[in-house]
Every structure is written in structure tokens, then in C-alpha cells.
Amino acid sequence: MLKPGVLRTPEGGFTLLEVILVMAIIGLVMATVQFTIFSKDISREIEKETQRLQALFSLASDYAVINQLEMGLRIDDEEQTYEFVKLSDDEKWLAMDDQEHFALYQLPEGLSLELTLEGLSWQEDEGLFDNRIFDEELSVSSDGVQIGNEEDEEPDPPQIFILSSGEITPFELRLDYQGQDFDEESFSFLLKGIDTVPLVREGPI
Numbered sequence: 039m040l041k042p043g044v045l046r047t048p049e050g051g052f053t054l055l056e057v058i059l060v061m062a063i064i065g066l067v068m069a070t071v072q073f074t075i076f077s078k079d080i081s082r083e084i085e086k087e088t089q090r091l092q093a094l095f096s097l098a099s100d101y102a103v104i105n106q107l108e109m110g111l112r113i114d115d116e117e118q119t120y121e122f123v124k125l126s127d128d129e130k131w132l133a134m135d136d137q138e139h140f141a142l143y144q145l146p147e148g149l150s151l152e153l154t155l156e157g158l159s160w161q162e163d164e165g166l167f168d169n170r171i172f173d174e175e176l177s178v179s180s181d182g183v184q185i186g187n188e189e190d191e192e193p194d195p196p197q198i199f200i201l202s203s204g205e206i207t208p209f210e211l212r213l214d215y216q217g218q219d220f221d222e223e224s225f226s227f228l229l230k231g232i233d234t235v236p237l238v239r240e241g242p243i
């Protein structure tokens, strides 16, 4: 017999408030899991791109030493591309069309490159690489450059040099992913060139 004023609900049932609360919790958990997986995928993709460039740079250094070539890495931070080039006998920087892996490479959408050549916190005052050879051997001085038709203009020299001696110019190259949404996480990996290969990889940072 029921006491006055007491309403019995079906055994094992839920109130509407309980159902709404459970659904809200499930939705929150699913959103968190999906975001975490998505973030890890982005971080992994950036790491793969960083490893690719790291491996190619070591390959380019070996190629330069074996073939006694002066090479370089040209970076376009506006187009988000990079390519390896070589110095010809007549002192012109040429694309390496005969070596597909050294060809112009476009970064996936959403990734960006940031190159630092000066003011490196880890750089010693006197490294293996003597900056004076830039003008003497690699012909990157702007002296004597003529401005004419676009077809006649020589491409820009590389910012990073890879010498036949095995030496490289010190640099830091940062690969960034900036989240597209307000709450989306950003990732960065860093490559450091310290006189010789292999490059030092750091990240995610």
C-alpha cells in the first residue's frame, strides 16, 4: 500500500534528467577522445615530415662528399617549399632534376617552415664552417648581379650550404602546425644543423 504523496517509478528506470546527464557526459567523452586522436595524428605527420628532411639532408651531405660537389638547401617560406641544389662548374646554382629525391618539395597544407641562420643560442663563436667562403667559393655575393628579363635572372642561392668537405652552415629549421580552430592544439619540430650531419631533431615542442 502506497503512502500518500509518494510516486513510485518503474523498477530499473531512469528519469529524464538522468538520461540527459548521461548523454551529455558521453558526448563530452567522445569529443575529447576524437580530439586527442586527431592531435596525435597531426603530431605524427609533422614528425614524419621532419624525419624526411633530416634523412634527405644526410643523404645530400653524403652525395656532396662522394661526388665532390658544393650543394645547398633552398627554402621558400612563402610557398612552403624546399629543394636541394648544386653549384655548377660555371658557378651557377642548379636544380638537381636528375635526382628525384632532391627535387622541389611542397609541404602538406597547414605546415610551415621557419629558418634561423644567425643568433643561434647553441652556436659557438668559431665553428667548423668559415663564413668567408660564401663569397670566395660559393658565389652568393650580390656583387655583379644584373637585373633583366625574368627568364635571364638566376635563381636565388640556397640559404643553407652543404660542402664537399662534409661541413654545413649552422642553422635551425622549425616545422610548425598552427591549429585551424580556436581550441585546436599546435605542434612544432626543430632541426638543428651543427657544423656536420646528422641534424639534431627536437620535438614536439
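This note's numbering puts the sequence shown at residues 39 to 243. Backbone N, C-alpha and C define an ideal beta-carbon position, used for all residues, glycine too.
| Query | Result |
| --- | --- |
| V235: buried (16+ other C-beta within 10 angstroms of its C-beta) or exposed? | buried |
| Would you mind sorting T207 into buried or exposed? The rule is 16 or more other CB atoms within 10 Å of its CB. | buried |
| With respect to the beta strand (DSSP E) encompassing T207, which residues constitute its N-terminal and C-terminal limits? | Where T207 is concerned, there is no enclosing beta strand (DSSP E), given that its DSSP letter is neither H nor E. |
| When DSSP labels each residue in this structure, what does Q89 get in the three-state scheme? | helix |
| Assuming F225 contacts S81 under a Cβ cut-off of 8 Å, what Cβ separation, rounded to an integer in Å, is found between them? | 5 Å |
| To which residues does DSSP link G148 through a beta bridge? | BP columns for G148 are empty, so no partner. |
| Give the DSSP bridge partners of Y143, in chain order. | Y120 |
| Near Y143, what residues of its chain come up, given a Cβ to Cβ distance below 7 Å and the 5 sequence neighbours on each side ignored? | T119, Y120 and E121 |
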